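Asks:
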Amino acid sequence: MKLREIRKVKGLSVPALYRLSGVPVRTIEDIEKRGDCKVSTAKKLAAALEVTLDELCDFQGIKES
Numbered sequence: 001m002k003l004r005e006i007r008k009v010k011g012l013s014v015p016a017l018y019r020l021s022g023v024p025v026r027t028i029e030d031i032e033k034r035g036d037c038k039v040s041t042a043k044k045l046a047a048a049l050e051v052t053l054d055e056l057c058d059f060q061g062i063k064e065s
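Taking full-length UniProt numbering, I'd label the letters of the sequence shown as residues 1 to 65.
(1) In or out: R7 buried (at least 16 other Cβ within 10 Å) or exposed?
(2) What are the start and end residues of the alpha helix (DSSP H) that includes P15?
(3) Between which two residues does the alpha helix (DSSP H) harbouring V25 extend?
(4) Is DSSP giving K8 helix, strand or coil here?
(5) Could you check where the alpha helix (DSSP H) with D54 kicks off and where it finishes?
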């Protein structure tokens, strides 16, 4: 997930992204470290950052089963 990169390009701090998305600061920090999250959380973050899920998430290399 490219959360940190997009957040920084948009000039947002973690607390600012929390205020826009409603996703708790600790959750945002965990996602930036681990790189994974629930789809519902990713949708909230993408909406707050005004990007698509494709832009936020790295779907390259994922194979359909």
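Think of the CB as a built atom: it goes at the ideal place given N, C-alpha and C, for glycine as much as any other residue. In this text, all values refer to a predicted model and were calculated from it rather than measured experimentally.
Replies: According to the structure data:
(1) On the sequence shown, residue 7 is found 7 positions in, with the first residue counted as 1. Buried.
(2) The residue you call residue 15 lines up with position 15 of the sequence shown. 14 to 21 is the span of the alpha helix (DSSP H), which, as asked, contains P15.
(3) Counting from one through the sequence shown, the residue named residue 25 turns up at place 25. Going by DSSP, V25 is part of the alpha helix (DSSP H) stretching over 25 to 34.
(4) The residue given as residue 8 occupies position 8 in the sequence shown. Three-state DSSP puts K8 in a helix.
(5) The sequence position of residue 54 within the sequence shown is 54, counting from 1. Its alpha helix (DSSP H) spans residues 53 to 56.
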